[in-house]
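*Asks:* So the number in the working numbering is just where the residue sits in the sequence shown, counting from 1, plus 3.
Let me begin by handing over the structure; questions about it come next.
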Amino acid sequence: MSSYKGHLFGGVLFFIPFAFLYAVLFGDGKLPLLQFIFHTAILFGITLLFALFPDIDTKSKGQKIFYLIFIAVDLALIFTNHLREAAFLGLFAMLPLISTHRGWTHSFWAAFVIPLPFLLIPMWLAESKTLVGLPYYLAAVTGYLSHRFMDGIFFRK
């Protein structure tokens, strides 16, 4: 089992090959340089956040970070009159609290299901099949799997 800093370190280690793949696919002039750097920084942040996410089910620094983000996003949704979205975010934000530590948030399937909004929301907004969210989804999965690896449960259910 790893600490907060250990999970961040694991996220950095797992991000390196991910960033290399991203650079091969989207670097070399495929995106303007500043846009490429900005997207890479966002992907790095997502990877680190999801390296901490599985510990949201227990008092941890990761839990504090995520709930601060949830509160900020929920308030923004409320003040912009997106009440249904705010209600769903509030509901989903509570789900980890009814779990035991190393329960479903540490499961292998959760690494692929929890980040799905990165993939599905752009499709829903575009009302068509689009893969614009794929790099963000893969960054989240990378971070999530790094957490499992650092906890020594990478290949377990």
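Ideal Cβ positions, reconstructed from N, Cα and C, are used throughout, including at glycine.
Bear in mind that the values here come from a model prediction, so they are computed numbers and not experimental data.
Hey, would you say tyrosine 140 sits closer than 8 Å to phenylalanine 111, going by beta carbons?
*Replies:* Cβ atoms of tyrosine 140 and phenylalanine 111: not closer than 8 Å.
*Asks:* Taking the alpha-carbon of phenylalanine 53 as reference, which of Asp77, Lys33 and Val116 has the nearest alpha-carbon?
*Replies:* Checking every option, the nearest Cα to that of phenylalanine 53 belongs to Val116.
*Asks:* Measuring straight from C-alpha to C-alpha, what distance separates phenylalanine 12 and lysine 67?
*Replies:* So the two alpha carbons sit approximately 18 Å from each other.
*Asks:* Write down the C-beta distance between isoleucine 156 and histidine 109 rounded to the nearest angstrom, noting that I regard them as a contact closer than 8 Å.
*Replies:* Right, their Cβ atoms sit about 7 Å apart.
*Asks:* Where threonine 43 and proline 138 are concerned, what is the direct C-alpha to C-alpha distance, given to the nearest angstrom?
*Replies:* Threonine 43 and proline 138: Cα-Cα distance of roughly 10 Å.
*Asks:* Going by DSSP, what residue range makes up the alpha helix (DSSP H) through arginine 87?
*Replies:* Segment 86 to 97, the alpha helix (DSSP H) holding arginine 87.
*Asks:* Can you list, in chain order, the residues of its chain whose CB lies under 7 Å from that of methionine 153, leaving out five sequence neighbours each side?
*Replies:* For methionine 153, where only same-chain residues beyond five positions count, the Cβ hits under 7 Å are Ser5, Gly9, His10 and Gly13.
*Asks:* Would aspartate 77 pass as a contact of leucine 94 if the rule is Cβ separation under 8 Å?
*Replies:* No, these two residues do not count as a Cβ contact at 8 Å.
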